[in-house]
Amino acid sequence: MMDTAEKIRRYCEYQDRSEAEVRRKMAQLLVPAEEREALMERLKEEHFVDDVRFAESFIRGKVNQKRWGRAKIRAELQLHGISAAVISEKMAEMDEERYIENLRYLAEKWGRENPGGERAKLIRHLLSKGYTMDEISQIK
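One point on numbering: in the numbering used here, the residue at position 39 of the sequence shown is 28, and numbering is uninterrupted.
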């Protein structure tokens, strides 16, 4: 039978996890509160948990795969318990050219799927993806 620490390590190996996610998993696995901090420190020392690496990976995935905007990415990282300083630092490293390409792609795709669609609906769609009005107003 696998011990709890090994289960947590495997959970972290599968994909990058935030410290908050790992803490939730420990609670779910009923790890006693007094053991959680020691286990978390070991996981950090062994590089299983790293919020900076998590933020980099999360941003890269959401920009490249989901084509999310800054607002949505920032909000999700906050929900993961990532500090404002780390969020700001890693968001500043975002590939700006790719980001604008994504915004244009989403606008063009929406236009193809909704010929003659209202601009207001396009704007709502792009806002829901996490783009700001300033960014949206720069296209078309």
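Just so it is clear, CB atoms sit at the ideal spot from N, CA and C, and this is done for glycine as well.
Being a predicted model, the structure only gives us computed values, none of them experimental.
Here DSSP, grouped into helix, strand and coil, assigns Q127 to coil. In this structure, the beta-carbon distance from I112 to I128 does not fall below 8 Å.
For the pair I48 and P104, the Cα-to-Cα distance works out to about 31 Å.
Taking the C-beta atoms as reference points, G119 is found no nearer than 8 Å to K79. In the three-state reduction of the DSSP assignment, G50 falls in the helix class, which pools H, G and I.
Taking one beta carbon from each stretch, the stretch 59 to 74 and the stretch 8 to 16 have 3 or more pairs nearer than 8 Å; the two touch. Selection E23, V52, K33 and R25 evaluated against D5 yields K33 as nearest (Cα-Cα). Runs of the alpha helix (DSSP H) lying entirely within the stretch -8 to 54 and spanning at least 4 residues, in chain order: -7 to 3, 8 to 17, 22 to 34 and 40 to 50.
Each residue's CA atom was taken as its position, placing A96 and T121 some 13 Å apart. The alpha-carbon of E45 is positioned some 12 Å away from that of N53. Distance from the CA of L18 to the CA of I(-3), rounded to the nearest whole angstrom, comes to 9 Å.
If you compare the alpha carbons of F43, R(-1) and E86 with that of V75, the shortest gap goes to F43.
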